[in-house]
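Just below is one structure, and these are the notes that go with it.
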Amino acid sequence: MEICNNGKEFVHCNSENYTRINSYSDRWLRIRKCNRHTGEDVFMYFSLDEMAFIQKAVSSFLNENKKTNNEN
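See the structure below:
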């Protein structure tokens, strides 16, 4: 996975989608996901508090997966 940091914007691209995360304001982030084949765009807006919650949840999921993989 390659992530490009262009100042205050992060971009991830693959053959099907590109995802762009940037600051919408000093308290909000905007995530845009675009399907390269259909051109369909989805925009999601998250406050920094919501992003902190998402970050903790993702970290928990990743730690759980790592623990499960180490047991196998």
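Numbering that gives the first Met the number 0 applies: residue 0 is where the sequence shown begins, and numbers increase by one.
Backbone N, C-alpha and C fix where the C-beta goes; we use that ideal spot for every residue, glycine too.
Computed from a predicted structure; not experimentally measured.
For residue i, report the span of its alpha helix (DSSP H) as first-last.
{"i": "S59", "result": "L47 to E70"}
For residue i, which of the options has the nearest alpha-carbon?
{"i": "S22", "options": "E15, S14, N16 and R31", "result": "R31"}
{"i": "F77", "options": "H36, S59 and I20", "result": "Outside the displayed span of the chain (0 to 71) sits residue 77, for which this structure offers no information."}
State the start and end residues of the unbroken beta strand (DSSP E) segment that holds residue i.
{"i": "S22", "result": "N16 to S22"}
In this structure, what does DSSP give as the bridge partners for residue i?
{"i": "R31", "result": "R19 and F42"}
Exercise. For the stretch 44–62 against the stretch 12–27, are there 3 or more C-beta pairs whose distance is under 8 Å?
Worked result: yes
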